[in-house]
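Remarks on the structure that follows.
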Amino acid sequence: MTTDAIKDRTGAGVLGRTLGRMLGRQGSGTQFVMGAGLLAAALWALNGGPFLNLVGQSCAVYAVAAIGQSVLIGSAGQIALSGAAFMAIGAFVTGSLAGTPLETFPFPLLICAVVGWLVGLLSGLPGLRFRGLYLLLSSLALQFMVTAVTKNYQSARHPAGLEVPPLHIGPLDVSTGQSFYIVLITLLATVYLVVALVERTGVGLAWRAIRESEEAAAVSGVDAVRWKLYAFAMSGAITAVAGCLMAYLVGRADYETYNLNLSIALITMIYIGGIRSRLGALTGAVIITALPYILQLRLPGWLAGLGIDANWYTENQSIANAGLFNLLFLLVVLFEPEGVQGLLGKAERLLRRTLSGRRTGRTTESPA
Amino acid sequence: MNADSEVKTDARRLRVDGVDVDLGGVRILRGVTFDVRPGEVFGIVGPNGAGKTTILNVIDGIVRPSAGTVRYGDVDLCRVRPHDMRKHGIGRSLQSTHYFRDLTALQLVALGELPNSIVGALRFAGHRKRRKAQAEARDKGMEALRQFGLEQYANRPLSELSSAVQKLVDIARAVVTGGELLLLDEPTSGVSGHERGGIGEALRRLRTLGRTIVLIDHDPGFVTGNCDRLMAMNFGEVLDVGLPDEVMSSEAVKRSYLGESANTDVGIERDL
Amino acid sequence: MSVVAQAVVGTIVTGSVYGLVGVGFALLFRASKVLSFAQGGFMLLGAFVFYSLVTGGRPFLPAVLVTMITVAAFSAVVYVLIFARVAAREAFATSVATIGLAGVLQAAVGIRYGTAPLSLPDVVSTRAFRILGAVVQVADIVAVVMAVTVVAALVLILRHSQIGLRMNAVADNATLAVHLGISSARIATVAWALAGGTAALAGIAFSLRSAVDPVGVANIGLLAFPAIILGGLGSVGGALAGGLLLAGIQNAVRIGIGAGWVDFVSFALMLGFLFFRPSGLFGKAEVVRL
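Order-wise, the sequence lines are chains G, X and E.
Position 42 of the first sequence, counted from 1, bears residue number 42 in the UniProt record's numbering, the numbering being contiguous throughout.
Position 31 of the second sequence, counted from 1, bears residue number 31 in the UniProt record's numbering, the numbering being contiguous throughout.
Position 31 of the third sequence, counted from 1, bears residue number 31 in the UniProt record's numbering, the numbering being contiguous throughout.
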């Protein structure tokens, strides 16, 4: 007893207790593992040369988009198939600002956010009339309508797509390699923090209540209509920002990039990572973005090692990947809706139970 | 509780007049008329599907009637949105708390204290302000929990609590969000017989505090024992209103209750 | 005159295809409150199974029958193996998951047959008639006859057969139906099989007239959504009517404004209906709060 008390007063004891308190809660270990893994991956991509930089850049852009979707689908519980439409809006706004006085860097980003917010707000209006499947259908309609508009605009004015100038911040060229990666990661971190702050103001709890049951939330004094609309608006703004970054990444805005498959890929990301948290959205974005690169590099080798001819894969790589993601999506939605985070959480619970079981076992054995 | 709200309570009477509700081409309520006097515990009984929960939904603004009026004092409740009901002193408990099983008891009780506008949320955004606002919400929630002797559950998720405690927490939430007029939707459903006493006790305490209560319940004993007046319904219509013993002994009500026992065997799902 | 007449013929044929896909949506929705995004996938499967059979030298009618039965059985098996346990609990999650199923089917067909458009050899007669200035091919007539027969048969089945009556009971009140001893899982299995079979027919009807490729056919499946919303979700006859109406509007837009606006107008129309008349033109006026 007394030795414990003395130990507690030392600095290491305080640190240990704080850490212990932080990790004491079920789920915190999972968050720790996911956060540390993402951080390690981000640092690895930073110093891994041009190719890894490029992969890291895509991951960062898709991560922003995934956060945008997770606000709406994960936090507020409103499923939508229009992620790619909002990215298209961001990309095309950025493309049309090229050559105007507003092409200087932070402006396209801010304008995308505003436009995304407004369109998001509009896209939430059907949510006031109906929810669930009908809302899903209305977001599908939005996706097709945006594709049609961008396609018509593009084929009338810029058949090869809208060109986006390389990214400059002031006099600095940050359009490629490490510097572009750093810019993207900084923006990602900013978006992550902004959403975290917003959700901490009580909005997060309101969204959670709406997700569980709108009537019950309203009865409890939550303005369900208002917060639902804001979820649509905020998700639209963030996803449009991701579209803007995407345009800088590929140097062009082309309607073909932002099709329904991309919308599905974005939803797959947040479901695979873990629908309930932003950390899950990030993890899912990294998995889904990086997996094709890994498969491209390694799978033919693995298959050859197993004595399987890998030609069918290399010849149909993009289709095969799309099929694989869709299969993952199907399985995750039906059988493990909490995704990677859910699986890690289960492992953590098991570990905790084993550990605490051992500990209590020991205390009963030792004579008091 | 203070003098001010006492005066208000005296002035307010809930009047439901000629309410019809149509959903999906089916008339769920037909010409429902009753009024609830201030400070009274008013029970609604009837078999499943009689429209009891729909009445609460109408009073609470979740379902808009296709005809008729609902007034509380001089307020037309048909024009008030559900989350604004608390501004008029109306609180509602839920038939089931399973929606919010992830929230802690304190979070559930404090749901109504969340900001309901961007400005409100921004006010929450500053670190010190947020702390202050959150502390206030927490204090208010804790006080409500304490009223019902639930403070030891404050930081436990609802899913870990017994259904009786969940119901009490939800009643505490209704008391915080509303105040004068409480709509209690089946407070004893899913609660075992010996735990119902705690809920009855909470009800009696609310009554001595002068709250007006509209109560729906399945347990006839619980309703007759706790209500000043009863209204019996079947097929969306009012069968009888009066003193509990009179209503329960009327022929029409007996017949509808026999019908109910047949219905409960198949266990038709209830809404909300 | 001949442009209009040709557009009318095109409308009837395309509308029949939409109708055939839409009927499956309506059935599934009635039986299990699941909105399947995989109908386009099953349509695709039907088109390519049929393609394999026909290029393998099978005659037309047996090929149609084998295709229908194969895809129907496959659809039912997919339901039983993957969706059955979850579907009863979560119609919404199942609906979302069918998006994934559609992608898997599309990828499987894409890998097996490639993504380039394939044209069928002439399986039905290449004769064409001239009616009121429009060229009508035998294939057109076959497609329309298939659609009308299937929809009529389904309407009759739903109205009069034992399984149809049970399906109606489930559609009206799933919980009550369970208590009346109707196995909703069995009803759903039948509905999935029927939906797969009709989607396969839609695929065949489509492939009789146009070259088929995975992306194009799957898109037809998605374009059937405006059709069923127009007709009224859950109404089998309405699905065909909605399909015809949508095809007519699309042709009018193609001629009047330009082909680039067909999708836009179709989905804008769907959005409008969702907003102002969610039960569609022929659906029952029910509370649409899913």
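Yeah, the Cβ is synthetic: ideal placement off N, Cα and C, and Gly gets one too.
Query: What's the C-alpha gap between TYR72 (chain X) and GLU143 (chain X)?; Result: 27 Å
Query: Kindly indicate which three-state DSSP category TYR258 (chain G) falls into: helix, strand or coil?; Result: coil
Query: Quick one: what does DSSP say ARG27 (chain X) is sitting in, helix, strand or coil?; Result: strand
Query: Closer than 7 Å, Cβ to any Cβ of chain G: which residues of the region 81–111 of chain X, in chain order?; Result: PRO82, HIS83, ARG86, ARG92, LEU94, TYR99, PHE100, GLN107 and LEU111
Query: Report all residues from its chain with a CB closer than 7 Å to the CB of ILE12 (chain E); omit the five preceding and five following residues, and keep chain order.; Result: VAL144 and LEU244
Query: Please report the residue range of the beta strand (DSSP E) in which SER159 (chain X) lies.; Result: Run containing SER159 (chain X): none; DSSP gives neither H nor E here.
Query: With a Cβ-Cβ cutoff of 9 Å, do GLY251 (chain G) and VAL183 (chain G) count as a contact?; Result: no
Query: Among G:PHE51, G:LEU125, G:ALA84 and G:ALA196, whose alpha-carbon lies nearest the alpha-carbon of PHE276 (chain E)?; Result: G:LEU125
Query: Would the region 325–341 of chain G and the region 263–270 of chain G be scored as touching if the rule is three or more Cβ pairs under 8 Å?; Result: yes
Query: For the beta strand (DSSP E) containing VAL128 (chain E), name the first residue and the last one.; Result: The sequence shown places Ala at residue 128 (chain E), rather than the Val named in the question. Element bounds for ALA128 (chain E): 128–131.
Query: Return the chain-ordered ranges of every alpha helix (DSSP H) run that is complete within the region 202–266 of chain E and spans a minimum of 4 residues.; Result: 214–231 and 236–256
Query: Hey, does ASN326 (chain G) have any beta-carbon neighbour from chain E nearer than 9 Å?; Result: yes
Query: Which first and last residues belong to the alpha helix (DSSP H) in which ALA116 (chain E) is found?; Result: Counting along the chain, ALA116 (chain E) falls outside any alpha helix (DSSP H), and DSSP gives it neither H nor E.
Query: Specify the secondary structure class of THR150 (chain G) as computed by DSSP and reduced to three states.; Result: helix
Query: Considering only the beta carbon of each residue, do ALA105 (chain X) and LEU161 (chain X) sit closer than 9 Å?; Result: yes
Query: Name the chain X residues that come within less than 7 Å of SER28 (chain G), Cβ to Cβ?; Result: Per Cβ cutoff of 7 Å: no residues; SER28 (chain G) is ~15 Å from chain X at best.
Query: Taking all protein chains shown into account, do 16 or more other C-beta atoms lie within 10 angstroms of the C-beta of THR354 (chain G), making it buried, or fewer, making it exposed?; Result: exposed
Query: Would you say TYR230 (chain G) faces chain X, with C-beta separation under 9 Å as the test?; Result: yes
Query: Give the interface partners of ILE62 (chain X) over in chain G, defined as CB-CB distance under 8 Å, in chain order.; Result: GLU215, ALA218 and VAL219
Query: By the DSSP assignment, the beta strand (DSSP E) with SER93 (chain X) in it spans what residues?; Result: 90–93
Query: Mind pulling the chain E residues with CB within less than 7 Å of VAL71 (chain G)?; Result: The contacting residues do not exist; VAL71 (chain G) stays about 18 Å from chain E at best.
Query: Could you name the residues of chain G that VAL104 (chain E) contacts, counting a contact when the two beta carbons are closer than 7 Å?; Result: GLY323, ASN326, LEU327 and LEU330
Query: Can you tell which of G:ILE185, G:LEU133, G:LEU97 and G:ALA65 has the C-alpha that lies nearest to the C-alpha of ILE288 (chain G)?; Result: G:ALA65
Query: Apart from the five residues on each side of it in sequence, which residues of its chain come closer than 7 Å, Cβ to Cβ, to ALA202 (chain X)?; Result: PHE148, LEU168 and ILE171
Query: Kindly say whether VAL86 (chain E), judged by its beta-carbon, lies nearer than 9 Å to any beta-carbon of chain G.; Result: yes
Query: How do the region 56–72 of chain G and the region 188–197 of chain G stand: do at least 3 beta-carbon pairs fall below 8 Å, yes or no?; Result: yes
Query: Please report the residue range of the beta strand (DSSP E) in which LEU114 (chain X) lies.; Result: Premise fails: LEU114 (chain X) is in no beta strand (DSSP E) and is neither H nor E.
Query: Within the 9 Å Cβ cut-off, does THR14 (chain E) reach chain G?; Result: no
Query: For ILE157 (chain E), which residues of its own chain have a beta-carbon under 8 Å away from its beta-carbon, when the five flanking residues on both sides are left out?; Result: ILE163 and GLY164
Query: Comparing alpha-carbon positions, which option in G:GLY345, G:PHE329, G:LEU72 and G:GLY161 lies nearest GLY103 (chain E)?; Result: G:PHE329
Query: Do GLY46 (chain E) and THR14 (chain E) have their C-beta atoms within less than 9 Å of each other?; Result: no
Query: So, under 8 Å CB-CB, ARG211 (chain G) and ALA76 (chain G) are touching, yes? Tell me the CB distance rounded to an integer number of Å.; Result: 6 Å
Query: When the Cα atoms are used, what is the spatial distance from ALA250 (chain E) to GLY40 (chain E)?; Result: The sequence as given places Gln at residue 250 (chain E); Ala does not occur at that position. If I take the Cα positions, the gap works out to 19 Å.
Query: Helix or strand or just coil, what does DSSP make of LEU167 (chain G)?; Result: coil
Query: Hey, does GLU163 (chain G) have any beta-carbon neighbour from chain X nearer than 9 Å?; Result: no
Query: Please report the straight-line C-alpha distance between ILE89 (chain G) and LEU65 (chain E), rounded to a whole angstrom.; Result: 46 Å
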